[in-house]
Amino acid sequence: MSKEMNRRGFLKALGTFGAVALVGPAFVGPVKQVLGGVWTEDEVHGVGTFYQDYTAENVIFTSCQQCNATCTIKAYIMPGSQNGPYSSLVRKIAGNQYSPLNMVPYGHINYDTPVAQAVKGTGDVAKTGRGFRGARTCLKGQAGIQTAYDTFRVQKPLKRVGERGSGVWKTITWDQAYKEILEGSADLKTPGLKTIWSYVPESVVMEDWTKIESGEMKQEEFDQKYKDVLIDTKHPDLGPKANQIAVMAGHRREFIERLAGGSLGTANYYDHGGYCGITSVMGNVRSHDSEKQKKRMIPDYENAEMVIVWGTNPMTANRGPTTFAPMITNALERGMKMVVIDPRFSKTAEKAHQWIPVKPGGDGALAMAMCRWIIENNRYDELYLQNPNKDSAETDGETTWSDASYLVNASDKKRPFLRAKDLGLGAEEFVVLENGIPVAHTKASHGKLEVNTVINGIKVKSVFTLFKEKAMEKTMQNYSKMCDVPVDQINQLAREFTSHGKKVGIHSYRGPAMHANGYYSVRAINMLNHLVGNHDWKGGDTSLSAKFKATEGRYDLATVPNANKAWGIPVTRHKVPYEKTSLFKKDGYPAKRPWYPLGNKLIQDVLPSSAEGYPYKIRALIINRTSPVIAGPRSEMQEKFIKDPKVVELVVSSDIVIGETTKFADYVLPDLAYLESWNAEDIFPIIKYKFAGVIQPVTRIVPEARPTEQVYIDLLKAMGLPGVGEKALVDGSSIHTPEDYYLKRIANIAFDGKKPVKDANAEEMKIFEKARKNALGKYFDVNKLKNTVKPEEWSKVIYVLNRGGRFEPQGDEYRGNQLKYQWNNLVHFYDEKAAGFKSAYTGKFFEGVPFAEEIRTYNGEVYKPNKPLQFINWKSRNMATHRTESNAWLREIRSENFLWVNPIDASKRDIKTGDEVFISSNSTKVRAAVLVTEGIKPGVVGANFSFGQSAYGSSEIKIDGKKTEPVKAYGHLPFEINKPGQEETGYAKERGRGFSVNALADKDNSYFEGFLADLLAGGPAQQDVFVDIDKA
Amino acid sequence: MGLFSKVAPSIKEFGDMVNNILPDGEKELEQSPYDTKLGLDMARDARKVIAGKIKIEDFHKVYSASLISEFGDHFVSGPEVSKDKKYTGPKWGMVIDLKKCIGCDTCTVSCKAENRTPPGMSYNVVLETELGSYPNISVMNLPRPCMQCDKPACVQVCPTRASFKMENGIVAIDNDRCIGCRYCMVACPYGARSYDFGNGYEEEMTGYDEITSPEYGMDRGKRKKGKVPEGTVRKCNFCFHRLERGEEPACVETCIGDARFFGDFNDPNSVVSKLAASPRAFRLKEELGTQPRVVYLR
Amino acid sequence: MDTKAQLNQPIYDVGIKKRMNTLEKMWWLILSAVFILGVYSIIDGFLLQGMSSTNLSNTVPWGGWVAFYIYFIGMSAGSFLLSTLVYGFGMEQYEKIGRSALLSAIVSMITALTFIFLDLGRPDHVFNSVIYWNVTSTMSWEIHFYIVYLILLVTELYLTMRGDLIKLSKTSQGVKSKIYQILVFNKKEMTDIDKGKDRKLLKILGIIGIPLAIFGVHGGTGSIFAVLKARPFLNSGLFPIIFILSALVSGTALAIAIYVIKNKVQKKPIDVTMVKALGGMLALFLVIELGLEWYEFLIGSYGLQHEELATMKLMTTSAWSWSFWLFQMGLAMVFPLTILFVKKTRQSVNWILAAAIMTIVGVVGVRFNMVVPSLIVPQLEGLPQGNYYPNLSEWITTIGLLAMCLLIYTIGEKLLPIEEDETSENGVSQHE
Ligand SMILES: Nc1nc2c(c(=O)[nH]1)N[C@H]1C(S)=C(S)[C@@H](COP(=O)(O)OP(=O)(O)OC[C@H]3O[C@@H](n4cnc5c(=O)[nH]c(N)nc54)[C@H](O)[C@@H]3O)O[C@H]1N2
Ligand SMILES: Nc1nc2c(c(=O)[nH]1)N[C@H]1C(S)=C(S)[C@@H](COP(=O)(O)OP(=O)(O)OC[C@H]3O[C@@H](n4cnc5c(=O)[nH]c(N)nc54)[C@H](O)[C@@H]3O)O[C@H]1N2
Ligand code: SF4
Ligand code: SF4
Ligand code: SF4
Ligand code: SF4
Ligand code: SF4
Ligand SMILES: [Mo]
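Chains as they are written, first to last, in the working numbering: chain A, 17 to 1048; chain B, 318 to 615; chain C, 38 to 469.
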């Protein structure tokens, strides 16, 4: 560096002599200029030859975690100032050119391209416009360094001073932090994990419990035996006390979930899934055979003729605009038709041929109306639907088949599928009617679609009949009213959808799902795919299963030897039918709080459930990178409870900046940011190539930070629990650091498939080390990494790390007219499980086929909001969830969330763009600035949900008596030039502007501190918010 | 000033004039670890080059070896292409397909990240305009880098020729020459220029000041108060430094709508030349005669 | 108080210092105080914070200082043109204001250049604007014109004063005498031949100066704006002419104001005929200017050009429209015109003075309206509309520079024989 400075000095000095040259032009200049053409300068000046070029030794490929799409990226590293706290500076982030995610439509470069060459570039800018030295990322990805180099990063472990949320902290050592978390703290009056934790295997308890039920054992005896290990000896099904430690993991999930479920043995492992896509995911999963889960509905954009984008915004959100946006723009250019169903004119709608502003929550009605039209007009693929099994599908050239012809036992209240054994035809096979006789589905070649009869005294209906009846239950006019889409438009859409054979698809995600009727709406949308039978077809529906195996192969990373296997009822009562619990025996209907048989990881209900003590209280909460306070419904309620030591006695949060939930923690542990750490977060690959991304450190900024994994390793080791420390893995290897785990994971990836990856040659080995030395300095120890895997694996591990993952080459994407990676399985019109579940309030059975459900509260009543406008929300175009607020470059694009209001609603209230309004819901009132736009349905208002932070650098904190002021707005102007929609001045506002969307979430008064949620899956009804607005 | 004097000042007179205003070069050179004599010799001969007494090619011949040994390959500059020889390198240009542009602002942010421009300065912006009324509406997204006009209004007005047109088509700014009068900003019909007010992100971002972008191939070291380019005008430069190292501009590399194309307009077979031949092609404010090198497809 | 004694006792006489009245003391005191405040503001703002001490932005990169810069350029050219009536065309009825017009032209020029210097982002690079000459840049030409023009003005003033300076070098004492001696190159006597030479030279300079001032300096400054095709409102051939007209307007008004005020303060007789003539001239210029502006707006709006209409709309209807209606249309146009047309008022020196002052103040608004509104309107639809008004720091600096301007002028008046020595002057005219 100093040499550089001096070089500049030298050049400057040269300049002083050279300046002679500068005076000359004053006189000759004009003349020369006139003679030589006035535009192009005769002499180039002020232009040098320093291009800041780089080689593979300055590059590390990793993955972006700015949003949850986890795109593969390339980080170009430069040395920073010697006295900086960091090991290096990340100069620039770009996409990884090896990876299919970032290279649409060009296609990723050959996996075996040497890194040196790949980093030098394999393209030709002049001719093709591409150098291929890097690839695409979205804007949030580009700004990532501002997340990592945020000056507000937590530097040392912090302990709260005063009440929770006081904003006052003191720094403590890691040792003290661990000690107090484990043993408890006298001054904070928090219990230690060691005191709280206690475990006993389920089998042991249940053995004794059956003895009680049979009278062999007395309750007192049982109480005595288990009072120290069970939460409630009267309700042993609640599980061990370990369950009172709840884990909320927003990232590092693979690692933490393994330990939660196998080491700590708590049934209360949560991730952000509960408020992210749970309802959509379950709607999809339950529409397909559940053996392997099909979580998403994504079309093959590259070949589709027509696509419906239904309540998702792939151009800017979803699982990666980086991949989807170029896919879609190129598909449109190719001639693909696109219809967007969304109450607002999203960035995707802008490009669509048709925008259908559906009434929020009316998606089920719209889908059912389309189904009705399709059935009435015989536009479905009848032959496809008749196929009852793989063989018959195959003779049709199909790879999937449906349950349309399967018979349902209507005599049973639970309305299960009729099984072969019910008719004495076999065992668990389903039954279809072929040529008038019932046949096990495996034996039939075609099942009759419409059946309504009695067999052996059992009333049966075919699934198709059940579905058709449901579809016909409402008239087109009724449906039209429910979704507020004209009948003509519905018909036209249904016709269009069924006019492209198998080359149609639907892309759907959170929009239709995040309603109280979300599960049924998502199911109804899935039915459209089933009706045309587009699964696995080129241009049809995709199944996204192409991943390299990461937790098995060379190393079994999933299993915990001598595990404390988690069991018992999770505090959010997901995945458990109420009727099977001991609480049902005690309370009957209605249950105090809803039970969600199809739910999972319902993070948003942890705090209120614990507050009610139903089914029990949690005592400790360990959190990383997720924030129920701002991401869960009813922020104020969430905040009230996390603040209350009676609701949860110990709150530990690993965070990089003190966030909205972390702010209420007892202990804050500084985590490593995504550019500093190992991790494994899988994108849901939406691509046709087998894929495995890698997340590895590319720099180190906060010297004392420790990754959350390390915290778990250290704490669990101190508690003497399995799965960490010595013999942490089945093969006997140990886990003392995250590297011990992640490098093995890379080895698994490297060796998966028919052939492992190549070995890194000497040059690549050298590049590997040099790049990491440059990037990580003293934080890099090659031997430490090397020792985590077997010698024969090392060079392959490097091969994968050098490329930021493993990516299948192009050219093998299809099998004839079908995709190579297939669902190749059964798809469901009927959800047998749902049909067998009951509402824990009313005790009434749920419906097994999709239908146009209304918005209902827990008690089963149709929700009657007392506010005139429906409030929807969506992902900010320029922010990702709430964790990119530190990125000034992103705030420059837009610093707050505006309330979108249609001119019709605006003029009624005399509101103009830029005006401030109060939005009031039945929970609270917030202040917002308005954007009046034609791009939202009248009667609906909305905003993106990524703003309104109250922490994360937006409010003052005090650490060790030193105040840290919140970030201020940029710019020197006393007035505002930006207007909503015209924000090009490039000045970011302060952090924490806008309003918290989740503060508004509607209450459900039919249970304690309730909120609207899907009744089966439990996902919060983020879109069923009703408000009024008044000029402020 | 001798403005209208018939006798041109001698080289020596120039030298004297300059030596009086400028710091003593020899002293500066002494402080540098590099060869003082080399510096002095080069300066002497540079003057001769200016005076037309030696050819620039010869100058390079004489010094390039010693420069490389002194500075390593950081200093591998050949003789500048002389005007008489026909320029044969690429003439850069950009094509932006508005049908594909999704208005995501990824270009804007990537440009910030690449060029590390200060707050309040975006070389590229994306303008959004909503048209029509519910439910028949459309939005027009218009990304706007610098057009690198062939007849640039900014260059036309710049009093110092700090702004000038390079033969590769890029309109450059010599920030060491720019006086910060901002006339070019007022003159640019596209609002493509910004003034460097000297602020930064350091308060919110560790290390922001440590690295500056080598705009126009200039190594400016750390960003410091009062140091060029502060106080001067800046703008999109088609990522000249990236082009020179074989990379397309940052915004083109990352454009997630796949709407931005880049390349050599001199080459009729380049992607951009072909796209620009489309009937959809147009340029902004064509009527002003600025002849932008950024072509849009409508 | 027009006793001969006093007339023979020019104000630049050292002796008068003793009798410096309170009014004058106040004048010095206030100006110095304001100037020092201005200097402080320059150090705090311009030097320490740079442009971010202003309300300028990338949307509106030019503001108050540019407006004042062209304001003073206008003043300068106007005053100069007036002086050429005397020295170029020998219209002796205006002789009384000749030197002061030249001095105010110089001082205005210095002030204008100071304003624009403060507006530069890199004052340290300023010489580049002299060294490197861009033939297509109006500004580049201007910079060089300004230099020549300033030299011309100084020479001219010098020549008009040479006789008096020689006298002074003999009559004054101490340092002053030294200064005067140096100024006259130790010349002891002014012969008639010398005088004739000077007159001739003056005539030549005046005549060179006219095109230089009109096309070079003022029309040129107008062209700096008029060539901006990015700003359709400014981009018109009429613009430089309007610019010149308003220069004449402000120059004439300034001359009237200086002459009348000075004489009033010094309780000297006022040449009413001359003032009325000047008033008439001002009226004439105003009428022409009004006419040109009418065409400017007519043709501008006729084009239905979006940015142009937007600029006009902004000027005439926005929150800042008072600056258009009150300053540009009212103070700088309609009010003085009315005064100068109504018979009763146009005969009164006081009213004419009022009209002149109104014009001087109003033209500030005119200058702002030339610079700011067209910059506020975005160049491309979708870019945010700008905003600008000078902030406190800019105002303090501005007022400081105004004080500087007056200080220099007063010092000039004090130090130099600006006030024509009636005897010598009469003598000269008698000789002719
Ligand atoms: N830029 C950006 N990208 C992101 C994220 C981010 O925060 N910002 N977050 C990431 C995460 S975590 C996720 S889960 C994904 C989510 O990606 P998306 O599924 O695209 O998520 P949303 O934006 O929540 O919802 C999509 C659309 O649903 C619409 N919508 C709302 N209500 C209804 C309705 O009732 N019916 C219909 N049909 N549509 C409705 C909204 O207007 C919105 O346009 O995005 C990921 N990518
Ligand atoms: N109304 C409404 N609610 C929603 C949504 C919606 O569209 N509308 N979207 C939902 C969706 S899809 C999701 S995925 C969730 C997202 O919501 P969350 O899961 O809460 O995710 P974030 O807001 O990204 O991050 C939460 C916190 O993690 C901390 N954090 C940031 N980076 C790091 C890190 O590197 N390490 C650690 N340890 N901590 C870090 C910060 O304090 C941040 O506040 O919100 C859901 N909630
Ligand atoms: S889509 Fe998400 S993961 Fe991908 S680059 Fe953008 S922010 Fe990063
Ligand atoms: S990155 Fe591409 S698609 Fe996005 S706004 Fe810029 S030009 Fe348009
Ligand atoms: S767009 Fe503006 S700044 Fe760029 S070359 Fe053209 S006139 Fe100059
Ligand atoms: S600001 Fe610089 S580049 Fe712009 S016109 Fe002035 S000197 Fe030229
Ligand atoms: S070409 Fe480079 S400088 Fe220009 S807008 Fe794109 S990224 Fe910015
Ligand atoms: Mo999510």
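C-beta: ideal position from N, C-alpha, C; glycine also.
If you measure from the CB of residue i, is any heavy atom of ligand 5 nearer than 8 Å?
i             : result
residue 512/B : no
residue 507/B : yes
Less than 8 Å separating the Cβ of residue i from some heavy atom of ligand 7?
i             : result
residue 427/B : yes
residue 555/B : yes
In angstroms, rounded to a whole number, what distance separates the CA positions of residue i and residue j?
i             : j             : result
residue 121/C : residue 158/C : 36 Å
residue 80/A  : residue 160/A : 8 Å
residue 39/A  : residue 166/C : Summary for residue 39/A: the model assigns pLDDT 45, below 50, so the residue's position carries little reliability; its value from the coordinates is reported in the next sentence. Between residue 39/A and residue 166/C, the C-alpha separation is close to 11 Å.
residue 953/A : residue 676/A : 32 Å
residue 733/A : residue 740/A : 6 Å
residue 843/A : residue 415/A : 11 Å
residue 447/B : residue 588/B : 31 Å
residue 178/C : residue 265/C : 15 Å
residue 295/A : residue 619/A : 13 Å
In this structure, does DSSP put residue i in helix, strand or coil?
i             : result
residue 320/B : Residue placement at residue 320/B is poorly supported in this model, since its pLDDT is 39, which falls under 50; the coordinates are not used for a value here.
residue 932/A : strand
residue 446/B : strand
residue 117/A : coil
residue 478/A : strand
Using 8 Å as the cut-off, classify the Cβ of residue i as near or not near the heavy atoms of ligand 4, replying yes or no.
i             : result
residue 406/C : no
Under 8 Å between beta-carbons, which chain D residues line up against residue i? List them in chain order, please.
i             : result
residue 999/A : Here the protein chains are A, B and C, and chain D is not one of them.
Quick check: does the Cβ of residue i come within less than 8 Å of any heavy atom belonging to ligand 6?
i             : result
residue 182/A : no
What I want to know is whether the C-beta of residue i ends up closer than 8 Å to one or more non-hydrogen atoms of ligand 8.
i             : result
residue 84/A  : yes
residue 466/B : no
Is residue i near ligand 3, with its Cβ less than 8 Å from a heavy atom?
i             : result
residue 156/A : yes
Would you check whether ligand 1 has a heavy atom nearer than 8 Å to the C-beta of residue i?
i              : result
residue 1017/A : no
- prompt: Going along the chain, which residues of the region 166-178 of chain C sit with their C-beta nearer than 8 Å to a C-beta in chain A?
  reply: 167, 168, 169, 170, 171, 172 and 173
query: Quick one, which residues of the region 974-996 of chain A are near chain C if we go by CB-CB under 9 Å, in chain order?
result: 987, 988, 989, 990, 991, 992, 993, 994 and 995
message: By the 9 Å beta-carbon criterion, what residues does the region 238-267 of chain C contribute toward chain B?
response: 261, 262, 264, 265, 266 and 267
- request: Check distances from the C-beta atoms of the region 465-495 of chain B to those of chain C and list, in chain order, the residues that come in under 8 Å.
  value: 470, 472, 473, 474, 475, 476, 477, 478, 479, 493, 494 and 495
message: Counting only Cβ-Cβ distances shorter than 8 Å, please list the residues of the region 208-231 of chain C near chain A, keeping chain order.
response: none
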